[in-house]
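Quick notes on the structure that follows.
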Ligand SMILES: Cc1cc2nc3c(=O)[nH]c(=O)nc-3n(C[C@H](O)[C@H](O)[C@H](O)COP(=O)(O)O)c2cc1C
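In this note's numbering, the protein residues as written are 3 to 203.
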């Protein structure tokens, strides 16, 4: 079983990174293979909405998204970690999830993977990012695991937040346990790629 943690903070070894690393330690105690992938220093350009990916099966933009998307497709569980930037997830995180509008490759899908969320903020905005990522899980037919939010500002401050560190470790453990149940949506759900919800007018 593989659990991938993606730190979307541009700050190397910042609070997001540390909290995800703790969650991954929790996953390892449950026997999972765990990897932390940081977007710091990586280039993830925003989706340009061209739609060509739905004809060609892949995104035409060449950057680091291919690497992270391959890791996402291989994992059984994915922990999305982001700092709050102006009341929402960091642009790096939003760019990455928007780019998963393109299919992840032939025969691959994010459907049935367990999603976890780690969010850090100075004072306000945590629930906004959690909500957006939970909607993302629903859209991708993923399974929502748990989420952890912590209020910290300076790089490394999270190390002194014992409650948040414990919650992160438990999040990692939960994800392995949920993934171990091998829940599957009906096969046709995986083929349909998205579940956006229904709006009536
Ligand atoms: C551009 C920018 C915008 C931010 N906006 C918010 C915000 O709206 N709300 C908040 O509580 N903290 C905000 N912060 C603080 C960060 O969320 C906080 O410092 C966090 O711990 C950084 O995480 P990191 O160490 O993983 O990079 C902002 C920081 C930056 C750099």
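Ideal placement from N, C-alpha and C gives every residue a C-beta, glycine not left out.
Open item on the list: Closer than 8 Å to a non-hydrogen atom of ligand 1 - does that hold for the CB of residue 159?
Closed with: Taking 8 Å as the cut-off, the C-beta of residue 159 counts as close to a heavy atom of ligand 1.
Task: Inter-residue Cα distance where the pair is residue 20 and residue 162 - done: So the two alpha carbons sit approximately 11 Å from each other.
TODO: Classify residue 35 as helix, strand or coil using the three-state DSSP reduction.
DONE: In the structure shown, residue 35 falls within a strand segment according to DSSP collapsed to helix, strand and coil.
Task: Separation of residue 123 from residue 131, as counted between CA atoms - done: Between the C-alpha atoms of residue 131 and residue 123 there is a straight-line separation of about 10 Å.
TODO: Sort out for me which residues DSSP pairs residue 4 with in a bridge.
DONE: According to DSSP, which records beta bridges pairwise, residue 4 is partnered with 35.
TODO: Answer yes or no: the CB of residue 150 versus the heavy atoms of ligand 1, is any distance below 8 Å?
DONE: No - ligand 1 has no heavy atom lying nearer than 8 Å to the Cβ of residue 150.
Task: residue 77 versus residue 186: straight-line alpha-carbon distance, rounded - done: Spanning the two alpha carbons is a distance of roughly 15 Å.
TODO: For residue 106, count neighbouring Cβ atoms within 10 angstroms of its own Cβ and tell me buried if that reaches 16, exposed if not.
DONE: Counting C-beta atoms within 10 angstroms of its own C-beta, residue 106 has 16 or more neighbours from the protein chains shown and is therefore classed as buried.
Open item on the list: Measuring only from the beta carbon, is residue 126 closer than 8 Å to any heavy atom that is part of ligand 1?
Closed with: Yes; taking the cut-off as 8 Å, the Cβ of residue 126 has a heavy atom of ligand 1 nearer than that.
- [ ] Determine, using beta carbons only, whether residue 41 and residue 91 come nearer to each other than 9 Å.
- [x] One thing to note: residue 41 has its Cβ no nearer than 9 Å to the Cβ of residue 91.
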